[in-house]
Amino acid sequence: MARLDNLVAFGIDDQDRQKLYSDCVEDMAAKSPTTLGSLCFLQFALKGNVAGELNVLIEQFDFARLLVEELEYAIHAGRAAGMPMVLSGTLNRPRRDFIAKVIRHRPDAISGDLGKKLWNLLVGTACLGEEDRNCGWGIFMAFDRKTAAENPFLQLCYSQYLPDLPTSCFCRGMLNCVNAQLSSAVNDNAVDCALDDQNYLIQSGLEQLWRIILYADDAESVSIGIKTLAVDVYLDSKAISTYPFNRARQVHSSFVDRCLGQLKDAARKIKASSDGTSSGEDEPMVIVTSEDEIQEQERIFTRTLRLLKLFVETHYTKPALCAPDFRPFAKQDPKEVQGDLTMLQYQSFDDGLHTEMKPLHIGKLNTAASLLSSLKLETGFDYYRVFYQGRQFLPTEEEICRSLDSLDVNEGLILAHLPLKFKYCLASKSSGRI
Numbered sequence: 035m036a037r038l039d040n041l042v043a044f045g046i047d048d049q050d051r052q053k054l055y056s057d058c059v060e061d062m063a064a065k066s067p068t069t070l071g072s073l074c075f076l077q078f079a080l081k082g083n084v085a086g087e088l089n090v091l092i093e094q095f096d097f098a099r100l101l102v103e104e105l106e107y108a109i110h111a112g113r114a115a116g117m118p119m120v121l122s123g124t125l126n127r128p129r130r131d132f133i134a135k136v137i138r139h140r141p142d143a144i145s146g147d148l149g150k151k152l153w154n155l156l157v158g159t160a161c162l163g164e165e166d167r168n169c170g171w172g173i174f175m176a177f178d179r180k181t182a183a184e185n186p187f188l189q190l191c192y193s194q195y196l197p198d199l200p201t202s203c204f205c206r207g208m209l210n211c212v213n214a215q216l217s218s219a220v221n222d223n224a225v226d227c228a229l230d231d232q233n234y235l236i237q238s239g240l241e242q243l244w245r246i247i248l249y250a251d252d253a254e255s256v257s258i259g260i261k262t263l264a265v266d267v268y269l270d271s272k273a274i275s276t277y278p279f280n281r282a283r284q285v286h287s288s289f290v291d292r293c294l295g296q297l298k299d300a301a302r303k304i305k306a307s308s309d310g311t312s313s314g315e316d317e318p319m320v321i322v323t324s325e326d327e328i329q330e331q332e333r334i335f336t337r338t339l340r341l342l343k344l345f346v347e348t349h350y351t352k353p354a355l356c357a358p359d360f361r362p363f364a365k366q367d368p369k370e371v372q373g374d375l376t377m378l379q380y381q382s383f384d385d386g387l388h389t390e391m392k393p394l395h396i397g398k399l400n401t402a403a404s405l406l407s408s409l410k411l412e413t414g415f416d417y418y419r420v421f422y423q424g425r426q427f428l429p430t431e432e433e434i435c436r437s438l439d440s441l442d443v444n445e446g447l448i449l450a451h452l453p454l455k456f457k458y459c460l461a462s463k464s465s466g467r468i
């Protein structure tokens, strides 16, 4: 092989190179048993100028189409012969490497139906088996997120083909690729990873991770996916760590809401299948649910519950993400004024209504805990949020016992807001509804 390498690199003129290209392409078109050898010769011929010589093959010999058709034929022949793989392994490396080269250098040559066929042959239903499918995902993983974002074929794969990939084609390679793309997205400080934007959730691969968790057959892949989503993305990612507290909490609330919604929906469908009926507009409708459909809903329920459980348990271990419980401090009797009076004022908001701005009689040496108890006394709120200088006032356990002066809370307006959900909960408790 070393002698062949030297011959192609130094001892072949343009005419001989063209003859070599023509012979190898004819061998591929004829579906010859020596096609892998021809691809190997072409690999050596391309060394030193891969992009340029690949253009020659594609423009003059329709190489991209022949390469896809050769892979299709190899899969059919391999299936008929009982071969385990035609893409994975050392023997098939020339075929694999050329596919990667075309994707990298000439994605425009595999657009439209040809590109969709290549996707299906690599990782879809036309793939020979799981080993080759994992190898196909390995080709996609070789492209980092920035390169993939600039490659029209890869963008088409991730945005259109992947969401429609049947669950029967899920494999460890798909999980690894989705995880790699997602990890890169949520840990890139150079861009705003908008986990609170639905379009971003789709583009980043998050929705595909949800699909793996809910529908994959491989239990280990499900466990890895659950840990990735609950912990690596929503709790430990750089994106979450850079969010302001309120934004992180909103993202977490949306995540929990989705889990609860899935649990409720799955439970309703399971119950309906056991009852055999569902309420129609005019009269009950008889529902016939297959055993597979029931098992799918049970799987969605149990896996969502596992996901939510891991998220909640891990969330408790992240003090920076947990809102401190101020209720014990707010219930304390306000202390007398300590030190010079602050220049603080307060204004309370309740269901669209608000008070006038009023002075808050509290000293600079009073603590943050004393401030909270004073606000409770002044507003009458048992549950409330406090905002100071445009940000939510959330002192840590250490700061709660420090003086307002040391916290630089000496002047300005403090807003006390009663959230509607707390008001509803309090009203429901008093009426006996919860």
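The numbering of the sequence shown is the numbering used here, which starts it at 35 and goes up by one.
Think of the CB as a built atom: it goes at the ideal place given N, C-alpha and C, for glycine as much as any other residue.
Around the beta carbon of V443, 16 or more other beta carbons lie within 10 angstroms, which makes this residue buried. Taking all protein chains shown into account, V225 has fewer than 16 neighbouring C-beta atoms within 10 Å of its C-beta and is therefore exposed. Under the three-state reduction of DSSP, G170 is assigned to helix.
Within the same chain, Cβ atoms closer than 8 Å to the Cβ of R340 are found at I260, the five residues on either side in sequence being excluded.
About 6 Å separates the beta carbons of Q381 and L447, which is inside the 8 Å limit, making them a contact pair. No Cβ-Cβ contact shorter than 8 Å links L121 with G71. Among the bridge pairs identified by DSSP, I448 is matched with Y380, Y422. In the structure shown, H395 falls within a coil segment according to DSSP collapsed to helix, strand and coil. Straight-line spacing of the CA atoms in P186 and N168 works out to 22 Å. For the pair S404 and V420, the Cα-to-Cα distance works out to about 13 Å. Beyond the five residues adjoining it in sequence on each side, A402 comes within less than 7 Å, by CB distance, of P429, E433, I434, R436, L438, L441 in the same chain, given in chain order. By the neighbour-count definition (other C-beta atoms within 10 Å, threshold 16), A108 is a buried residue. A direct Cα-Cα distance of roughly 25 Å separates R140 from T68.
Look at the beta carbons and you see the segment 96-103 touching the segment 140-153: at least three pairs across the two are nearer than 8 Å. The beta carbon of C205 is closer than 6 Å to those of E164, R167, N168 in its chain, skipping five residues each way along the sequence. Under the 8 Å Cβ criterion, the segment 295-303 does not count as touching the segment 249-265, having fewer than three qualifying pairs. Assignment of L405 by DSSP, reduced to helix, strand and coil, places it in the helix class. In the DSSP assignment, V225 falls outside any alpha helix (DSSP H) and carries neither an H nor an E. For S217, the three-state secondary structure derived from DSSP is helix. Our two residues, S408 and I396, have alpha carbons roughly 8 Å apart in a direct line. The DSSP-derived three-state label of L428 is coil. In this structure, DSSP gives S308 a helical state, which the three-state scheme calls helix. Nearest in C-alpha terms to A450, of all of D178, I246, Y418, G424, is Y418. For the 8 Å CB-CB criterion, V220 and S271 form a contact.
The DSSP-derived three-state label of S437 is strand. Setting aside the 5 residues that flank it on each side, G112 is surrounded in the same chain by V120, L162, each with a C-beta closer than 7 Å to its C-beta; the list follows chain order. Shown here, L387 sits in a strand according to DSSP, grouped into three states. Residue M175 holds the alpha-carbon nearest to the alpha-carbon of S218 among L378, I247, M175.
Per the DSSP secondary-structure output, L375 pairs in a beta bridge with G397.
For Y55, the three-state secondary structure derived from DSSP is helix. Per DSSP, V267 lies in no alpha helix (DSSP H) segment and is marked neither H nor E.
A residue is called buried when at least 16 other Cβ atoms come within 10 angstroms of its Cβ; E370 does not meet this threshold and is exposed. The alpha carbon of D131 has as its nearest neighbour, out of Q94, D178, F75, the alpha carbon of F75. In this structure, Y249 lies near T201, with their beta-carbon atoms less than 8 Å apart.
When secondary structure is reduced to three states using DSSP, I46 falls in the coil class, being assigned neither helix nor strand. Contact between R337 and I247 is confirmed by a C-beta separation of about 6 Å, below the 8 Å threshold.
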